[in-house]
Amino acid sequence: MKKRFRLLTNVIILLIVSGFVWYMISTLNEGESTYAETVVETETFVSPYSRINSFDVSGKINGFDLSEDKLYIASRDSVLILDLQSNYLSSFAAGNDICDITVENSLIYLLFPTRIEVFTADGQQVNTWEACSDNSN
1 MKKRFRLLTN VIILLIVSGF VWYMISTLNE GESTYAETVV ETETFVSPYS RINSFDVSGK
61 INGFDLSEDK LYIASRDSVL ILDLQSNYLS SFAAGNDICD ITVENSLIYL LFPTRIEVFT
121 ADGQQVNTWE ACSDNSN
């Protein structure tokens, strides 16, 4: 008796699963939009900005800042200063592993993994703050 009950239960479950699969396959394309249709219906984004200038910089740029009509670019170990037409103004070496740069009141602040260093535009170091921990990065 138990075998018949188990067999009947398994057959009923198989029929339910088969019916569900058949229903899913038969209604797959009925009235539903596909991904391609969704992409076609979206509007194309048009930026209000346009490129006015470009220039090449050797190496990877780790950060940049725009201040007083000058562009300050930090690479891994130096700072490059350009005017807004990308003409070279100056540069200076500033140690290794520069992470970011910001300029405030004509002072250049460089972020390193475990310290912050402050420079003048001609590359003279004026201040340094060490991190509280070597794991600060």
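Numbering-wise (full-length UniProt numbering), the sequence shown opens with residue 1 and increments by one.
Note that the Cβ used here is the ideal one computed from N, Cα and C, for glycine as well.
For residue i, the three-state DSSP class (helix, strand or coil)
| i | result |
| --- | --- |
| Leu84 | coil |
| Leu66 | strand |
| Ser78 | strand |
| Tyr49 | coil |
| Leu28 | coil |
| Ile12 | helix |
Beta-carbon gap between residue i and residue j smaller than 7 Å
| i | j | result |
| --- | --- | --- |
| Ala94 | Arg115 | no |
| Tyr109 | Thr120 | no |
| Asp122 | Leu111 | no |
| Ser75 | Gly59 | yes |
| Ile52 | Lys70 | no |
| Asn127 | Val118 | yes |
| Asn96 | Asp65 | no |
| Ser90 | Phe55 | no |
Opposing strand residues paired with residue i [DSSP bridges]
| i | result |
| --- | --- |
| residue 155 | Outside the displayed span of the chain (1 to 137) sits residue 155, for which this structure offers no information. |
| Trp129 | Ile116 |
| residue 138 | One cannot answer for residue 138 here, as it falls past the ends of the chain, which runs 1 to 137. |
| Ser58 | According to DSSP, Ser58 bridges with nothing at all. |
| Ala93 | Ser78 |
Outcome for residue i when other beta-carbon atoms lying within 10 angstroms are tallied against a minimum of 16
| i | result |
| --- | --- |
| Ile73 | buried |
| Val11 | exposed |
| Ile98 | buried |
| Val57 | exposed |
| Val79 | buried |
Between the stretch 15 to 29 and the stretch 42 to 57, do three or more beta carbon pairs fall short of 8 Å?
-> no
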